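J.: Attaching a single structure in structure tokens format; questions to follow.
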């Protein structure tokens, strides 16, 4: 945290609240839940699940705060991903748009609504409500979405359902969303450091390989026994792995050679002194699956044109390690997302690292 000497308490930095503090705050609600709440608030839980008899209602809310380009498209897909992570199909969407004063004209509003409409049609989701206003004190649009879906109780995949011995699968690759954001938001400053054709390819990550993991989740759960799924977002794949195993009070060993990096991601991260493992990572689906079904699930995803790889194993011992040439190293842990650190540091003239353990691969 940073300290303002005119203020007695330090301020939180950009990004999510520290995990330990967030867990303490969420415990306020855990003992007061209605009996119909199947899955409530908790670290690593992508969505809430409520019992409606023969169906479970699934709901999730998430804002878009880092990106400005295609914000309407982002907000639909990011929320749909979390609903899909418990095995449900996204069905209904509500969105709140907060728009900056003296920067909002009709063309901006229409473009965001067009983006929301296009993303909803792509997923077969109905936009059923929301709120739009021009708000004082903003320098960019902020979109806050709430997605709802439904699932039969027998098909629910719990966020905390990982089991010792499970194979960990990651689809697509590391930092799909972060790569797209860097290329779209910082293209001007990157052209002197990175080939323009690479920046153009990275910009297209928004749609290819894309941010949606709804298809990934549907294929995986149809192909084999899936115990848990997680959409690694803020804090990157490293944080997503920790959230998944910690939700189940377990640990994991990650195979360094199996981690799927995009060359575009590595090039942008090297140019900006970022670690891709801590870079916002929507677009990849993390799965804990029965080891006997891992190859079948990977093959089913590959046949559908979705890159997938087994990247490690869940274990009973707490903690997460990175295995390199047979030796175990501490897996990087990030106090906040690398992109939040970068955006803040751009105003301070520095891009020094701020994660707990530097990755031995980057």
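In our numbering, the protein residues as written are -13 to 348.
Beta carbons are placed, not taken as given, at the ideal position from N, Cα and C, and that holds for glycine.
Nothing here was measured: the structure is a model prediction, and the numbers come from that model.
1. Leaving aside the five residues before and after residue 336 along the sequence, list all residues of the same chain whose C-beta is less than 8 Å from its C-beta, in chain order.
2. Would you mind stating whether residue 265 and residue 161 have Cβ atoms separated by less than 8 Å?
3. When the Cα atoms are used, what is the spatial distance from residue 102 to residue 59?
4. Can you check whether the CB of residue 205 is closer than 8 Å to the CB of residue 292?
5. What three-state label does DSSP hand residue 162 in the structure shown?
6. Using a 10 Å radius around the Cβ and a threshold of 16 neighbouring Cβ atoms, would you call residue 228 buried or exposed?
7. Can you check DSSP and say which residues form a bridge with residue 25?
8. With a threshold of 8 Å, are at least 3 pairs of Cβ atoms found where one atom belongs to the stretch 83 to 91 and the other to the stretch 110 to 130?
9. Assuming residue 101 is part of the beta strand (DSSP E), what are its boundary residues?
10. Rounded to whole angstroms, how far is the Cβ of residue 28 from the Cβ of residue 19, which I believe are closer than 8 Å?
11. Pick from 110, 55, 330: whose alpha carbon is nearest that of residue 201?
12. With DSSP as the reference, label residue 201 as helix, strand or coil.
13. Which residues share a DSSP beta bridge with residue 214?
14. Taking the C-alpha atoms as reference points, what is the distance between residue 144 and residue 91?
15. Please classify residue 334 as buried or exposed, where buried requires at least 16 other C-beta atoms within 10 Å of its C-beta.
16. Apply the 10 Å Cβ neighbour rule to residue 114 and answer buried if 16 or more other Cβ atoms are within range, or exposed otherwise.
17. For the alpha helix (DSSP H) holding residue 54, just list the boundary residues, first then last.
18. Quick one: give me the first and last residue of the beta strand (DSSP E) that residue 299 is part of.
19. Output the residue ranges of the alpha helix (DSSP H) runs that lie fully inside the stretch 305 to 336 and measure 4 residues or longer, sorted by chain position.
T.: Checking against the coordinates, here is how it stands:
1. Unreliable positioning characterises residue 336 in this predicted model, as indicated by a pLDDT of 39, which lies under 50. A coordinate reading is not provided.
2. Yes, the pair counts as a contact, with Cβ atoms nearer than the cut-off.
3. Computed Cα separation, rounded: 5 Å.
4. Their beta carbons are under 8 Å apart, which means residue 292 touches residue 205 by this criterion.
5. Helix at residue 162.
6. Residue 228 counts as buried, since at least 16 other C-beta atoms from the protein chains shown sit within 10 angstroms of its C-beta.
7. As DSSP reads the structure, residue 25 sits in a beta bridge with 35.
8. Cβ pair count under 8 Å is three or more, so yes.
9. Residue 101 -> not in any beta strand (DSSP E); alpha helix (DSSP H) instead, spanning 92 to 109.
10. Rounded, the Cβ-Cβ distance is 11 Å, inconsistent with contact.
11. Nearest to residue 201 by alpha-carbon distance, out of 110, 55, 330, is 110.
12. DSSP places residue 201 within a helical segment (H, G or I) once states are collapsed to three.
13. According to DSSP, residue 214 bridges with 274.
14. The alpha-carbon separation between residue 144 and residue 91 amounts to approximately 43 Å.
15. Because residue 334 carries a pLDDT of 47, less than 50, the predicted location of this residue cannot be relied on, and the following value inherits that uncertainty. Under the 10 Å beta carbon count, residue 334 is surrounded by fewer than 16 other beta carbons and is classified as exposed.
16. Counting the other Cβ atoms within 10 Å of the Cβ of residue 114 gives fewer than 16, which makes it exposed.
17. Looking at the DSSP string, residue 54 is not in any alpha helix (DSSP H), and its letter there is neither H nor E.
18. That run of the beta strand (DSSP E) goes 294 to 301.
19. Runs found: 324 to 331.
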